[in-house]
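Worksheet: one structure, shown below.
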Amino acid sequence: MDQILGSAAGGTVETDVVIVGAGPVGLFAVFELGLLDVKCALIDILDKPGGQCAELYPEKPIYDIPGYPIITGQGLVDKLVEQIAPFKPTYHLGQMVEALAREPDGRFRLATDAGLTFLCKVVVIAAGGGSFQPKRPPVPGIEDYEGKSVHYAVRRIEDFRDHDVLIVGGGDSALDWTLNLQPVARSLTLLHRRDEFRAAPDSVRKMRELVEAGKIRLAFGQVSALKGESGEVTHAVVKEKDGASVEHPATRVLPFFGLTMKLGPVANWGINLDENLIGVDTATFQTSEPGIFAVGDINTYPGKLKLILCGFHEAALMAQAAVHIVAPEKKVVFQYTTSSSSLQKKLGVI
Ligand SMILES: Cc1cc2nc3c(=O)[nH]c(=O)nc-3n(C[C@H](O)[C@H](O)[C@H](O)COP(=O)(O)OP(=O)(O)OC[C@H]3O[C@@H](n4cnc5c(N)ncnc54)[C@H](O)[C@@H]3O)c2cc1C
Numbered sequence: 198m199d200q201i202l203g204s205a206a207g208g209t210v211e212t213d214v215v216i217v218g219a220g221p222v223g224l225f226a227v228f229e230l231g232l233l234d235v236k237c238a239l240i241d242i243l244d245k246p247g248g249q250c251a252e253l254y255p256e257k258p259i260y261d262i263p264g265y266p267i268i269t270g271q272g273l274v275d276k277l278v279e280q281i282a283p284f285k286p287t288y289h290l291g292q293m294v295e296a297l298a299r300e301p302d303g304r305f306r307l308a309t310d311a312g313l314t315f316l317c318k319v320v321v322i323a324a325g326g327g328s329f330q331p332k333r334p335p336v337p338g339i340e341d342y343e344g345k346s347v348h349y350a351v352r353r354i355e356d357f358r359d360h361d362v363l364i365v366g367g368g369d370s371a372l373d374w375t376l377n378l379q380p381v382a383r384s385l386t387l388l389h390r391r392d393e394f395r396a397a398p399d400s401v402r403k404m405r406e407l408v409e410a411g412k413i414r415l416a417f418g419q420v421s422a423l424k425g426e427s428g429e430v431t432h433a434v435v436k437e438k439d440g441a442s443v444e445h446p447a448t449r450v451l452p453f454f455g456l457t458m459k460l461g462p463v464a465n466w467g468i469n470l471d472e473n474l475i476g477v478d479t480a481t482f483q484t485s486e487p488g489i490f491a492v493g494d495i496n497t498y499p500g501k502l503k504l505i506l507c508g509f510h511e512a513a514l515m516a517q518a519a520v521h522i523v524a525p526e527k528k529v530v531f532q533y534t535t536s537s538s539s540l541q542k543k544l545g546v547i
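Residues in the sequence shown are numbered from 198 upward in steps of one, following my numbering.
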């Protein structure tokens with residue numbers, strides 16, 4: 198996968214278009230804009246591109262993508278990433294766009310929760326059903342520790358070096374991070390409700406080898422309380438299956454209880470919403486704010502269908518309108534990729 202990764206923290210990125218959401222529709226928007234020489238940055242709260250296809254049903258077959266009688270969710274994402282690679286979009290993953298405002302010069306400024314700022318001429322909201330947000334475990338007072346010693350994602354492995362790490366969960370994220378953090382952690386405990394894991398069998402096998410080698414602890418039960426001060430956890434109280442309460446040293450806690458979809462910060466950006474969806478003009482897919490477009494599951498209009506192929510169509514029309522804002526002087530001539538040598542050069546096929 199030929200990706201250009203954006204920096205994870207700090208700094209300002211200047212580009213033509215920022216696409217909020219790297220789901221299938223956000224990815225294809227890069228292609229349609231790229232054909233018109235428009236440069237894009239993609240931002241997604243997930244740590245990988247693909248939105249619902251990659252996060253919710255990577256292995257399920259999709260049967261209604263034109264030209265593919267059958268393709269899995271992840272298979273489609275992989276093809277889209279390959280298809281847009283010639284346009285070298287920058288991927289800024291694992292971060293949520295929190296703020297969007299217009300600058301005095303007419304450009305837009307976006308800020309992410311990882312401290313990155315973007316300046317651009319056009320914003321394309323491809324935020325799907327909203328942002329995937331981690332499910333919070335039912336532990337009293339856990340909010341007091343969030344962001345300091347309780348984390349729902351690993352941004353930097355170094356932040357876990359020499360800590361007593363407690364990972365809670367039995368899926369792929371819990372097992373992957375158990376394997377990846379074990380070499381840097383002072384101690385690592387994996388806690389799950391029962392001795393059955395939903396994660397990839399190979400990860401489960403490697404985890405069990407580490408347990409047998411005495412390199413990590415495997416415990417069964419649920420966190421009932423966290424102990425600590427000023428946001429810094431020191432111990433987790435675990436209620437074990439037999440009802441006994443046991444304290445585990447834990448200076449970093451990583452609960453992986455899955456993700457829910459919430460509209461998130463999009464609601465605060467001053468764009469007219471219709472029952473948590475963004476109304477658009479179907480000739481251009483522009484929102485109530487000039488220069489801000491919305492494509493894919495996040496938008497609404499008469500006859501809207503939440504289908505990937507509809508999002509692809511929306512991306513094509515959006516690009517034809519957005520290019521006039523990015524490059525008002527540019528004369529846009531409609532061309533086919535089959536017959537235009539200039540488009541083929543951009544795609545790197547000739
Ligand atoms: C189980 C299942 C099966 C499906 N099967 C089919 C099918 O067979 N055919 C079909 O056409 N469709 C199917 N769909 C629907 C299809 O997946 C959606 O229509 C499609 O994913 C919409 O793409 P999108 O890019 O608009 O949004 P999404 O895929 O939802 O991606 C949006 C992305 O935006 C990100 N995001 C949101 N807010 C922010 C923010 N503030 N900052 C940063 N990132 C943000 C999210 O993290 C997410 O990754 C199915 C859906 C499900 C759940």
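All C-beta atoms in this analysis are idealised placements derived from N, C-alpha and C, irrespective of residue type, glycine included. Computed from a predicted structure; not experimentally measured.
Per-residue burial, residue i [other beta carbons within 10 Å of its own, 16 or more giving buried]
i: K285; result: exposed
i: A480; result: exposed
i: V408; result: exposed
i: I475; result: buried
i: V546; result: exposed
i: G418; result: buried
i: T534; result: exposed
i: L502; result: exposed
i: E256; result: exposed
i: G327; result: buried
i: A447; result: buried
i: G303; result: exposed
i: E511; result: buried
i: A441; result: exposed
i: G367; result: buried
i: V321; result: buried
i: E526; result: exposed
i: G231; result: buried
Same chain, Cβ closer than 6 Å to residue i, neighbours up to 5 away in sequence not counted
i: D199; result: With a pLDDT of 34 at D199, under the threshold of 50, the modelled position of that residue is not reliable, and the figure given next carries that caveat. Cβ neighbours of D199 beyond the five flanking positions: A282.
i: Y498; result: V477, T479
i: L544; result: P283
i: L372; result: A396, S400, M404
i: D244; result: L290, G291
i: A206; result: Here A206 scores only 48 on pLDDT, less than 50, and its place in the model should not be relied on; the value that follows carries that caveat. A311, G312.
i: D471; result: T497
i: P334; result: P452, F454
C-beta atoms of residue i and residue j nearer than 8 Å
i: Q280; j: G247; result: no
i: G220; j: A323; result: yes
i: D341; j: G428; result: yes
i: S400; j: D369; result: yes
i: F490; j: M515; result: yes
i: P462; j: E295; result: yes
i: L313; j: G208; result: yes
i: V420; j: V365; result: yes
i: K403; j: L376; result: yes
i: W374; j: L451; result: yes
i: E252; j: L456; result: yes
i: R414; j: H348; result: no
i: V434; j: E426; result: no
i: D213; j: V523; result: yes
i: I505; j: I268; result: no
i: L549; j: T386; result: For the chain, the structure presents residues 198 to 547; residue 549 sits outside this window and is missing.
i: V210; j: F305; result: no
i: L222; j: F509; result: Per the sequence shown, residue 222 should be read as Val rather than Leu. A contact, by the Cβ cut-off of 8 Å.
i: V381; j: I354; result: yes
i: A464; j: V319; result: no
i: N469; j: S485; result: yes
Residues near residue i in its chain [Cβ-Cβ closer than 7 Å; skip 5 each side]
i: D310; result: Q292, M293, E295
i: K345; result: G428, E429
i: D241; result: G218, A219, L290
i: G325; result: G218, G220, G248, Q249, G493, D494, I495
i: A308; result: E295, A296, T314
i: R383; result: D359, H360, D361
i: S549; result: The question about residue 549 has no answer, for the chain in this structure spans 198 to 547.
i: R299; result: F305
i: E406; result: none
i: L233; result: A516, V520, V529
Residue i CB to nearest heavy atom of ligand 2 below 7 Å
i: Y260; result: What this structure holds is ligand 1, not ligand 2.
Rounded Cβ spacing between residue i and residue j (contact assumed at less than 8 Å)
i: C317; j: V235; result: Their Cβ separation, rounded to whole angstroms, is 10 Å, which puts C317 and V235 out of contact at 8 Å.
i: L277; j: F329; result: With 8 Å as the limit, L277 and F329 do not qualify as a contact, their Cβ atoms being about 18 Å apart.
i: E229; j: A513; result: 5 Å
Same chain, Cβ closer than 8 Å to residue i, neighbours up to 5 away in sequence not counted
i: I259; result: C250, Y265, I267, I268, T269, G270, L273, I505
i: V351; result: F357, W374, N377, L378, L451
i: L548; result: Residue 548 is absent from the structure shown; the chain starts at 198 and stops at 547.
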